[in-house]
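Going letter by letter, the sequence shown gives residues -16 to -1, 1 to 442 in mature numbering (1 follows the signal peptide of the UniProt record, and there is no 0). Beta carbons are placed, not taken as given, at the ideal position from N, Cα and C, and that holds for glycine.
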Amino acid sequence: MIRALALTLLAPVAPAAAPALDWQPCPTPLFSQLVCANVPVPLDWAKPDGAKISIRVSKLPASGDRIGSLLTNPGGPGGEGAGAIGRGELGTTTPEFAELRKRFDFIGFDPRGVGESTPKIQCDPAKLYDPSIGMFPGDNAAYQRLLDLNRAGGKECLARTGPAAEHVDTVSVADDIDAIRRALGEAKISWLGVSYGSEVGATYAAKYPSRVRAAVLDGAVDHSRSMRLTILDEAIAGEDSLHRFAAWCQTTDECALRGQDVIARYDQVMRDPRAERLANGFYGGLILKQAWPPLSKMLAAATGEQPDLEPFLELSSLGKADSSSFRVIGCHDFPSPFTGPADLRASASLVRKLAPHTWHYSEMWELSAGCAGWPIKAQYPTRPERIRDVPPILVVGGEHDPSTPLVWARGLVSRISGGHLLTYADDGHTGLYNSACVRVQEAKYLVSGVVPDHSTSC
């Protein structure tokens, strides 16, 4: 039954004629040659002749002997891909990707509902997160307040955004990608997706396997894994990363807290009533290894004689505008598994045991709690599915990634016929942003289509 349902939902839609792209200059300080265009697509791919929406696309043209188009996604859910290219994200300014810049048109796009794609997801962020309710309700009454908040917030998002809020799931994004491919005039595309972008790429490969030339899925998300397990996976990974950060602080002068009890300092911050927002802000610095030195300074300032917690609160996305697309898209793809207050409390108890210091925040807990009672029907909940009849695909996972644990990469690669796993042993979220070695291997693979030798690791 599940397999039949998956096949029905993933059945390719008959392609419409490719729209002509009207490329216009959209230069940035980094790339004067960047151009942008808009691709019209159906609001509902089940009704291809119905209402249309617009997808914003950017292109950084190849500077040398061109292979084709490399479509990219920076993660999220809700990451703005068209602007990411112009800002030098996704490795476009790194020496390891210099050959990719020569050989590919780098293509970025804002997924439906995001950035300059229209209509844009619009919500009142104050109605998506209320610190007086929080994400860990302690009794039945608090749980009901959380449900009421989520229902009201979701209805408000739907009222402000319109019907588009019901169609921002990742399967619809995969259909949009194929419309972009046709508009570009490409028979096949290459793909570079990090974090949630790995789920987007995997979904596209499952639905359009013959249109994939090569694909890097870095910081892999395993959409077949149950939400109950992903919550626990992230709890373990977040706790591990905090301890890795504390150990790093004992060995380097780059840490402002060298020789001190970093875990105790972290716990001191978490005793503040705003612990969820503070933990979310700390997490924002923990995911990138190069951010650890300033993160240590922030922690030192937060636990000094005159504690300054504002930097962590400024980093936090909870209750801010940039949380809207994360919630609306996330609830389509990762709906809450909780059946009631006792169920939520049981999961919360497990999270506290697995992550005694970092339990206050993880992305999957934010979605699990935030999507409880959500009024918009989930269009793409987690489900087992295979990715077949594709060329070799490179999946990348980190041994100490706090956001997408290595077990997810292993799960994803096991579902891909010919999938290959490249691991990196260092800290941080995604190999692309934390490992020059990974960038070298990704670039070689994307140019050649040949995955690294099985003995290769970073």
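Query, Result
"Enumerate, from N- to C-terminal direction, the unbroken beta strand (DSSP E) stretches of 3 or more residues contained entirely within the segment 167 to 231.", "173 to 178 and 196 to 202"
"Taking C-beta to C-beta, are S47 and R96 nearer than 8 Å?", "no"
"Can you tell me where the alpha helix (DSSP H) with E238 in it begins and where it stops?", "Careful: E238 lies outside any alpha helix (DSSP H) and carries neither H nor E."
"Distance, Cα to Cα, L328 vs F322?", "6 Å"
"What are the boundary residues of the alpha helix (DSSP H) that L338 is part of?", "P325 to L338"
"Report all residues from its chain with a CB closer than 7 Å to the CB of D28; omit the five preceding and five following residues, and keep chain order.", "G34 and H151"
"By a C-beta neighbour count over all protein chains shown, 10 Å radius and 16 as the cutoff for buried, is A248 buried or exposed?", "exposed"
"Which word fits Q17, buried or exposed, when buried means at least 16 other C-beta atoms lie within 10 angstroms of its C-beta?", "exposed"
"Out of curiosity, what's the CA-to-CA distance linking A420 and D123?", "48 Å"
"Could you spell out where the beta strand (DSSP E) holding P24 opens and where it closes?", "V19 to P26"
"Quick one: grab the DSSP three-state call for R370.", "coil"
"State the beta-bridge partners of F88 as determined by DSSP.", "G52"
"With a threshold of 16 other CB atoms inside 10 Å of the CB of E289, please say whether the residue is buried or exposed.", "exposed"
"Which residues in the same chain as T366 place their Cβ atom closer than 7 Å to its Cβ, once the five residues preceding and following it in sequence are excluded?", "H207, S208, R209, S210, M211 and F318"
"Do you know whose CA, among L416, D245, C107 and A198, lies nearest S432's CA?", "A198"
"Which runs of the alpha helix (DSSP H) fall wholly inside the segment 389 to 423 and span at least 4 residues, in chain order?", "390 to 398"
"Taking 8 Å as the cut-off, decide whether the C-beta atoms of A21 and L5 are in contact.", "yes"
"For the alpha helix (DSSP H) containing R255, list its first residue and its last residue.", "No alpha helix (DSSP H) contains R255, which DSSP labels as neither H nor E."
"With a 10 Å radius around its C-beta and 16 neighbouring C-beta atoms as the bar for buried, classify V312 as buried or exposed.", "buried"
"Please work out which residues of its chain come closer than 6 Å, Cβ to Cβ, to I173, disregarding the five sequence neighbours upstream and downstream, and give them in chain order.", "S53, L55 and R165"
"Just confirm the distance between the C-beta atoms of C355 and L406, as a whole number of angstroms; I'd bet it's less than 8 Å.", "Not quite, the Cβ-Cβ distance comes to about 32 Å (not below 8 Å), so this is no contact."
"Contact defined as beta carbons within less than 8 Å: I believe I215 pairs with W349. What is the distance between those atoms, to the nearest angstrom?", "6 Å"
"Can you give me the C-alpha to C-alpha distance between M(-16) and K111, rounded to a whole angstrom?", "In this predicted model, M(-16) has a pLDDT of only 25, less than 50, meaning its place in the structure is not dependable; the value taken from the coordinates is given anyway. If I take the Cα positions, the gap works out to 37 Å."
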